[in-house]
Amino acid sequence: MTTATLTRPAPAAAPATGLGAAVSQSIAMAWRGLVKVSRTPEQYADVLIQPILFTLMFGYLFGGAVAGSVKGYLPQLVPGVLVMALITASTVTGVQLREDMDKGVFDRFRSLPIARVAPLAGGLLADTVRYVIATVLTMVMGVIMGWRPNAVGAVASGLLVIFCAWAMSWIFAFFGVSARSASAVQGVSFLILFPLTFLSNSFVPVSTLPGWLQGFVQVNPMSHVVTAVRELTAGGTGGADVGWALLGAVVVIAVFAPLAVRGYMRKV
Amino acid sequence: MNAPAIEARGLVKVFGANRAVDGVDLDVATGAIYGVLGPNGAGKTTTIKMLATLLSPDAGSARVLGHDVVREAHTVRSLVGLTGQYASVDEDLSARENLVLFGRLLGLGIRGAKTKADALLDEFSLVDAATRPLKKFSGGMRRRLDLAASLIAQPPLIFLDEPTTGLDPRTRLQMWDTIRRLVAEGSTVLLTTQYLDEADQLADRIAVIDRGRVVAEGTADDLKRSVGTQSLHLTVASHGPHDGGTGPVAATRRAIREITGQEPVLTPVSDGARLTAPLDSAAAVSELLVRLRTSGVEVRELSMSRPTLDEVFLALTGHGAQDAETPVLEEVHA
């Protein structure tokens with residue numbers, strides 16, 4: 420060991436607090452997430468396969484029955500698969516967070532004078548990459564099969580869905596910090612995921628459903644997001660559903676981000 | 085900074101039915117190495133975690149450099165560096181990436197964090213391994229990286245939780261040197277250890293913790309003195325360690341008891357027994373030897389030494405330092 424590069428400890432600087440510090444700490448944590456992704460790209464297999472598989476499978480399976488042709492079904496189906504794929508991807512966040520938190524490095528994060536939200540927000544921010552990949556793959560698969568969306572609307576709807584998925588990931592992050600094990604997080608997440616994604620207007624016209632189910636489907640926030648994406652990709656302009664989707668996402672973050680941070684602080 | 089490094093009063097932490105820390109008081113002055121010595125499960129790690137704000141105490145209070153660990157937790161975090169019992173670095177990142185990450189989290193900026201990381205890698209002889217995956221790191225390299233990560237912010241107080249557990253002797257000595265250097269440069273170090281020689285070698289003051297309580301506190305010499313200034317070791321020949329009431333071992337035992345007023349500890353050795361007893365004055369030894377020659381006892385070996393911390397621990401707690409008979413007090417990491 421060489422000598423004399425360590426300087427005499429100065430009285431430590433006043434701890435950085437405030438929004439600016441919290442944001443830059445979250446970005447540093449997101450950088451950590453991305454470095455980890457570059458080490459183990461294979462964990463992205465599910466995000467790669469699901470959009471391709473579901474677009475292909477549902478397109479050819481239901482296309483004729485629901486819309487008369489595959490091509491006619493795609494404007495309905497692609498937004499549905501897109502939302503489903505991203506919400507599924509957001510559950511992975513909770514599982515990975517749980518695994519991550521069991522490691523020794525989280526002890527150090529807790530002992531640092533950093534914003535308590537940063538380790539969570541950073542991890543969730545890094546997961547945005549996952550959502551971008553799923554969005555691009557779903558849309559490209561749709562285009563290959565004959566979907567022709569409005570280009571501006573496609574970009575706008577992509578951003579909207581990514582934001583909604585990010586908001587949803589706070590719910591699963593909350594499960595992640597509350598549950599005992601990663602597999603428990605997975606179980607709970609899927610229990611929520613399936614009714615939420617399938618009992619929506621993602622795959623079939625709502626008018627074909629029994630009355631009581633229509634009621635649920637219409638209040639299901641997923642339906643609003645799917646409708647918003649359909650409107651955007653069809654005409655390039657969004658209606659009230661875009662507003663509802665954004666509002667819903669903000670409310671979810673406002674409720675679950677503090678809950679997740681509190682749960683995280685309690686875990687030792 | 086005139087406030088003491090650590091001032092803890094009646095710290096308590098309960099995990100379920102287990103009082104892992106049961107009323108710990110600590111006073112640590114700045115600029116020194118303070119050793120917290122105790123067996124596995126004595127409550128050392130739990131105590132450190134409370135002082136480093138990772139756990140909140142169930143009762144009692146603690147101030148670190150004048151700041152309350154509960155009410156001013158954020159300030160305390162900016163004043164302490166913690167190196168855990170299990171390396172708290174990111175396994176999936178390289179050594180350099182780890183240091184850069186912690187630097188950025190501490191607000192050094194990207195360039196500043198990189199400069200600091202490179203300086204610390206050099207400081208801790210990790211330059212060659214800087215970009216290698218951590219999974220291929222040896223235990224010693226990991227500890228060094230861990231310690232380096234604790235020093236990024238140049239904290240005035242550094243917690244080292246069993247810094248040398250599991251290290252080979254050479255790496256252990258290197259770690260000792262590093263710790264001594266930190267203090268020479270003005271830091272205060274609080275380290276926990278279950279090795280008596282480590283506390284003896286490094287620490288200016290030592291608190292002995294057993295079953296969640298401080299059972300003794302002072303310098304290593306204070307502690308050794310508390311069990312007598314000298315320790316007498318006497319090996320006598322016999323056919324067995326327990327030779328009834330009439331053999332040489334029993335005679336020696338009786339002689340020691342009568343002359344020193346202390347009950348010797350008996351350890352069987354091959355064809356004989358070793359007797360150890362605290363001794364207040366060396367003059368008693370000649371009296372003892374005369375008595376033994378008169379009784380015809382064959383003395384194989386006689387030595388006197390300052391008592392080791394091992395003996396201190398035995399005297400203070402009634403069981404040895406490496407004694408693993410305390411599974412009930414296993415620290416719980418919920």
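For the protein sequence lines, the chains are A and B, in the order given. Taking the numbering used here, the leading residue of the first sequence gets 420, the next gets one more, and so forth. Taking the numbering used here, the leading residue of the second sequence gets 85, the next gets one more, and so forth. Glycine included, every Cβ here is placed at the ideal spot set by N, Cα and C. From a predicted model like this one, the values you see are computed outputs, not experimental measurements.
Under the Cβ distance rule, residue 464 of chain A does not count among the residues neighbouring chain B, no pair being separated by less than 8 Å. The Cβ atoms of residue 137 of chain B and residue 161 of chain B sit closer than 8 Å to each other. For residue 550 of chain A, there is no enclosing beta strand (DSSP E); the enclosing alpha helix (DSSP H) covers residues 547-564.
Residue pairing by DSSP places residue 291 of chain B opposite B:120 and B:301 in a beta bridge. Taking a cut-off of 8 Å on C-beta distances, the region 540-548 of chain A does not touch the region 601-619 of chain A, as fewer than three cross pairs fall below it. Residue environment: residue 234 of chain B is assigned as buried (16 or more neighbouring CB atoms within 10 Å of its CB, all protein chains considered). Per DSSP, reduced to three states, the secondary structure at residue 91 of chain B is strand. For residue 184 of chain B, the uninterrupted alpha helix (DSSP H) segment begins and ends at 179-189. If you draw a straight line from the Cα of residue 661 of chain A to the Cα of residue 685 of chain A, it comes to about 36 Å.
Between residue 372 of chain B and residue 339 of chain B, the gap from beta carbon to beta carbon is short of 8 Å. Shown here, residue 630 of chain A sits in a helix according to DSSP, grouped into three states. Using a CB distance cut-off of 8 Å, residue 189 of chain B counts as an interface residue toward chain A. Less than 8 Å separates the beta-carbon of residue 513 of chain A from that of residue 608 of chain A. Within chain B, the residues placing a beta-carbon under 7 Å from that of residue 444 of chain A are 189, ordered along the chain. If you keep only unbroken alpha helix (DSSP H) runs of at least 4 residues inside the region 313-369 of chain B, you get 332-344.
For residue 654 of chain A and residue 680 of chain A, the gap between their C-alpha atoms comes out near 40 Å.
The C-beta of residue 364 of chain B has fewer than 16 other C-beta atoms within 10 Å across all chains shown, which makes the residue exposed.
Residues of the region 138-150 of chain B whose Cβ lies closer than 7 Å to any Cβ of chain A, in chain order: 138 and 139.
Ranked by Cα distance from residue 106 of chain B, the first of B:131, B:274, B:218 and B:386 is B:131. If one requires a minimum length of 3 residues, the beta strand (DSSP E) runs lying completely within the region 185-264 of chain B are 241-245, in chain order. Comparing alpha-carbon positions, the option among A:629, A:628, A:630 and A:635 lying closest to residue 614 of chain A turns out to be A:635. The distance from the Cβ of residue 296 of chain B to that of residue 255 of chain B is about 31 Å, inconsistent with a contact at the 8 Å cut-off. Secondary structure at residue 143 of chain B: strand, using DSSP grouped into helix, strand and coil. Boundaries of the beta strand (DSSP E) harbouring residue 165 of chain B: 164-167, taken from the DSSP string.
Around the Cβ of residue 460 of chain A, a 10 Å sphere holds fewer than 16 other Cβ atoms; the residue is exposed.
Straight-line spacing of the CA atoms in residue 164 of chain B and residue 222 of chain B works out to 26 Å. For residue 386 of chain B, the enclosing beta strand (DSSP E) starts and ends at 383-389. From the beta-carbon of residue 532 of chain A, the residues of chain B found nearer than 7 Å are 158, 161 and 162. Rounded to the nearest whole angstrom, the CA to CA distance from residue 388 of chain B to residue 92 of chain B is 38 Å. For the set A:645, A:589 and A:637, the Cα lying nearest the Cα of residue 677 of chain A is the one of A:589. Per DSSP, the unbroken alpha helix (DSSP H) holding residue 400 of chain B starts and ends at 393-401. Contact note: residue 529 of chain A reaches chain B through 138, using a C-beta cutoff of 7 Å and chain order. For residue 249 of chain B, the closest of B:272, B:236 and B:281 by C-alpha to C-alpha distance is B:281. Look at residue 523 of chain A: its C-beta is under 8 Å from a C-beta on chain B.
When only Cα atoms are considered, residue 574 of chain A and residue 581 of chain A end up about 11 Å apart. In this structure residue 123 of chain B is buried. Its beta-carbon is surrounded by 16 or more other beta-carbon atoms within 10 angstroms.
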